[in-house]
Amino acid sequence: MISLHWLILSPLIIGTTAKLMPIKAAKKIMVLFQTALLAAVTMIFVEVRQNGPLLENIGSWPDTIGITLRADLLATAMVFLSCFLFLAMVIFVHNKNYADHLFFFLFLGLESLIIGIFLSNDVFNIFVLIEAA
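The sequence shown: position 128 = 116 (this note's numbering), numbered continuously.
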């Protein structure tokens, strides 16, 4: 199973690497990445539906101090929906002139923040992610 923090970090990593690639290759990688991310979220959704909510504590800190990610049925459904919409938007802007390196970098940064908002288990983390978005 994929760790929850990779759902948040992977769009940032792919967006950064796509900024360094030629734009045609970056557009193809965006579609492939969004499809893979949607498949990963689907697997997590199935796991949550079968086994109940997932909790991931980042950095081995206690829950009251550290960042805890929680994937329950509602959160994974919202992450699935947002990943599906981001995939549709990447396909839509595939042949547009304004879809350049900076666009995809900011686009995937926004996706990462939205996924973080849905998976966060702390109100302060949600506040920080909303301010960053």
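Even glycine gets a Cβ: it sits at the ideal position worked out from N, Cα and C.
Note that the structure is a prediction, hence the values are computed from the model and not measured.
- Here leucine 20 is not near serine -2, since their CB atoms are 8 Å or more apart.
- Within a 10 Å sphere around the beta-carbon of glycine 47 sit fewer than 16 other beta-carbons, which makes this residue exposed.
- Ranking Asn83, Leu8, Ala59 by CA distance to the CA of phenylalanine 33 puts Ala59 first.
- Straight across, the Cα-Cα distance linking phenylalanine 95 with alanine 120 is about 13 Å.
- With respect to leucine 62, alanine 28 sits apart: the two C-beta atoms are not nearer than 8 Å.
- For threonine 52, there is no enclosing beta strand (DSSP E), as DSSP marks it with neither H nor E.
- When DSSP states are grouped into helix, strand and coil, asparagine 113 belongs to the helix group.
- About 24 Å separates the CB atoms of methionine -11 and methionine 18; that is not less than 8 Å, and the two are not in contact.
- Threonine 5 sits exposed, since fewer than 16 C-beta atoms from the chains shown fall within 10 Å of its C-beta.
- The Cβ atoms of phenylalanine 74 and glutamine 38 do not sit closer than 8 Å to each other.
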